[in-house]
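Reading through the structure tokens given below for one structure.
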Amino acid sequence: MDPYLITPELVSHIAELAALDLDAEEKAQFFADLNRILDHIKQLRSSNTEDAVEFQPEGSLNPLREDKNMPSFPTSDMLRNAPEKEGDFFKIPPVLE
Amino acid sequence: MKFWDKTAFELHKLLVNREISAVELLSSVLERVNEKEGDVHAYLCLMEESAKKQAEEADLRFRKKERITALTGIPTAVKDNICVQEYPTTCASKILEEFSSPYHATAVEKLLDSGAVLIGKTNMDEFAMGSSCENSAYGPTRNPWNLSCVPGGSSGGSAACVASGEAVSALGSDTGGSIRQPASFCGVVGLKPTYGLVSRYGLVAFASSLDQIGALAKSSFDCGKILECIGGYDPKDSTSAQIQISDLENHDDFYDCPEDKIKNKIIGIPEEFMREGLDPEIKSAVLQCALTLEALGARIEEIHLPSLKFALSSYYLTASAEASSNLARYDGVRYGLRISKDQSGKMFKATRSQGFGKEVKRRILLGTYALSSGYYEALYLKAQKVRQLVKQDFDKAFQKYSLLLTPTCPTPAFKIGEKVSDPLAMYLSDIYTIPVNLAGIPGLSVPVGFSSSGLPLGVQLIAPQFHDFTLLSVGSILEKPSQPVP
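Going line by line, the protein sequences match chains S and W. Just so you know, the first sequence maps onto residues 1 to 97 in our numbering. Just so you know, the second sequence maps onto residues 98 to 583 in our numbering.
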């Protein structure tokens, strides 16, 4: 399994994971594009990362805020952009078919 | 009278001396917008009504001599991925066409506190993914210096509006070069600050470990004044650096005697940035800048940063992986576009498929692949290890060198349509700017002249973390203020 070579089936599988519907033309286009990009990226193989650690940003990691009450946005503001709502809730179509 | 061709620094003096009012200045810039916008298309939305109120408030501050800052009354544009309350934030995407921000970004809040006048939201590549502004769902921006060329991207609208005089300065965002590359293409100054120096609160996330808000303006000094205003710790951004702007190296006197900041300093030119593929006119512009700095007492040396050749590959895996995760939120539930379907899963897919443009889908697919089971180690983890190597190369270089001098881009602005069907060629446009984002350090592009075909040329300065004002100081030596676009 060469990670730098993608198959048409794999493009369909990734699209499914990413919640994207691709038509036949898009599938063919992305299959070609991704392989061209991966063909460049495969140069990473020649980098020596045997002793390398993964990148860690500098500074404190995951700082926690103080555990105290803070004002938050009014519900009405947060619902204002909702495509569909009911009362104080976002409304979506049924989850199960 | 025309004022749109002046820097914020020059305008500030006129405003303080009451030679012009902020309302007059805004009218002059809006007239220029009327004149140029049909050709340039830098804006997605103008905020005229609120801008007029802000200009009146600015004039009140000048009358009362209260709360006057370097930005009071200065017409400033905001990239359309940065939230301004009650106005659209579309990120140049169909998926956010109807979205209006319920709150201000911290950077916007700070601009308003300082009395700046926010004139409009600027065009960009969709979700900041692109290097030409052609990936906007609302049509491309054109380069004011040559309308058949791109302005660069993704902050193409911000760079173009400053170059054309449709704003005095602008906010942009830079994930892999999105401020510096368009600044170079349009002949303006563009600063990508140290990662964490400017709060990302209210900046629509693309790749959170790389994204940074910064400034585009007509001079390094103007960029410095914007950084002073928008920078600093913000508890609303968990990656915000716990540092005061006033504590940064060379902050207090960044515009005074810039020559002193380079005397006896060693400046490196990475050999990897000067190889084949670099336009000869840009190469000679970089070498000319080296001579200028040398004449002022700096020592110039060629250096090697061996991991840089892997930076582009590491970047595209890292940025796409983060984007695929960040853009999962666009599902038609809480805001933005919804394509109605009888079941939620179908609705998510239909919404995303119709709402996102081609480049955004391409990167979501690449990122999803890099994070997917079976490929994560070979792709994403490998990219993170290489990212660390790139950072170590810079760390090592800065033990000896105060600054690095490089080209900003391999070429001047290219033609609209030239690279649109070749994503890899487009990505290569950012090859000199990307390593700076991977390492989290500051980078500045300054205009240094024109190509034989009349297009602006830029050079890049790179400094260690938190040396942003050293960059601006040296930038002020190298920048060649160009004649305004006719």
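Here a beta-carbon is modelled for each residue, glycine too, at the ideal position from N, C-alpha and C.
According to the DSSP secondary-structure assignment, Ile397 (chain W) is paired through a beta bridge with W:Ile364.
For Pro93 (chain S), the C-beta contacts it makes with chain W under 7 Å involve Lys438, Asp439, Gln440, Ser441, Met444, in order along the chain.
The C-alpha of Asp177 (chain W) lies about 42 Å from the C-alpha of Asn361 (chain W).
Shown in chain order are the members of the segment 19 to 31 of chain S whose Cβ falls below 7 Å from a Cβ of chain W: Ala19, Leu20, Asp21, Phe30.
Rounded to whole angstroms, the gap between the alpha carbons of Ser337 (chain W) and Ala408 (chain W) is 24 Å.
By the rule that beta-carbons nearer than 8 Å mark a contact, Leu521 (chain W) touches chain S. According to the DSSP secondary-structure assignment, Lys103 (chain W) is paired through a beta bridge with no residue.
By the Cβ rule, the segment 328 to 345 of chain W does not count as touching the segment 445 to 452 of chain W, because fewer than three pairs are nearer than 8 Å. Taking 8 Å as the CB threshold, Ser47 (chain S) lines the interface with chain W. With a contact defined as Cβ atoms closer than 8 Å, Val259 (chain W) and Ala314 (chain W) qualify at about 6 Å. Counting along the chain, Lys289 (chain W) sits inside no alpha helix (DSSP H); it lies in the beta strand (DSSP E) bounded by residues 286 to 289.
Close partners of Gly537 (chain W) in chain S (Cβ separation under 8 Å): Pro57, Glu58.
Taking C-beta atoms as the reference points, Tyr200 (chain W) and Gly299 (chain W) count as a pair closer than 8 Å. Contact annotation: Pro544 (chain W) and Gly555 (chain W) have beta-carbon atoms nearer than 8 Å. Taking a contact to require three or more Cβ pairs closer than 8 Å, the segment 168 to 177 of chain W and the segment 247 to 258 of chain W qualify as touching. Contact annotation: Glu356 (chain W) and Ile165 (chain W) have beta-carbon atoms that are not nearer than 8 Å. Contacts with chain S at 8 Å (Cβ-Cβ) do not include Arg426 (chain W). Taking all protein chains shown into account, Arg129 (chain W) has 16 or more neighbouring C-beta atoms within 10 Å of its C-beta and is therefore buried. In the structure shown, Thr336 (chain W) falls within a coil segment according to DSSP collapsed to helix, strand and coil. For Phe547 (chain W), there is no enclosing alpha helix (DSSP H); the residue is part of the beta strand (DSSP E) that begins and ends at 540 to 547. Residues of the segment 69 to 83 of chain S with a C-beta less than 7 Å from any C-beta of chain W: Phe73, Asp77, Met78, Arg80, Asn81, Ala82, Pro83, listed in chain order.
Taking one beta carbon from each stretch, the segment 308 to 322 of chain W and the segment 265 to 275 of chain W have 3 or more pairs nearer than 8 Å; the two touch. Residue environment: Ser470 (chain W) is assigned as exposed (fewer than 16 neighbouring CB atoms within 10 Å of its CB, all protein chains considered). Exposure of Gln580 (chain W) is indicated by the presence of fewer than 16 other C-beta atoms within 10 angstroms of its C-beta.
The C-alpha of Ser296 (chain W) is placed about 16 Å away from the C-alpha of Arg65 (chain S).
Taking 8 Å as the upper bound for CB-CB distance, Ser281 (chain W) and Met523 (chain W) are not in contact here, some 15 Å apart. For Ala420 (chain W), the uninterrupted alpha helix (DSSP H) run begins and ends at 408 to 423, by DSSP. DSSP assignment within the segment 210 to 261 of chain W yields the following whole alpha helix (DSSP H) runs of 4 residues or more, N-terminal first: 253 to 261.
Chain S places no beta carbon closer than 8 Å to that of Tyr498 (chain W), leaving this residue out of the contacts. Scanning its chain for C-beta atoms nearer than 6 Å, with the 5 sequence neighbours on each side dropped, one finds around Trp101 (chain W) the residues Ser125, Val126, Arg129, Gly262, in chain order.
Shown in chain order are the members of the segment 473 to 495 of chain W whose Cβ falls below 8 Å from a Cβ of chain S: Ala475, Leu476, Leu478, Lys479, Ala480, Gln481, Lys482, Val483, Arg484, Gln485, Leu486, Lys488.
Taking 8 Å as the threshold, the shortest C-beta distance from Asp33 (chain S) to chain W falls below it.
When 9 Å is used as the limit between beta carbons, Phe90 (chain S) is near these residues of chain W: Val430, Arg431, in chain order. Shown here for Arg372 (chain W): not one same chain residue has a beta carbon closer than 6 Å to its own, the five before and five after excluded. If you draw a 10 Å sphere on the C-beta of Thr567 (chain W), you find 16 or more other C-beta atoms in it, and that means buried.
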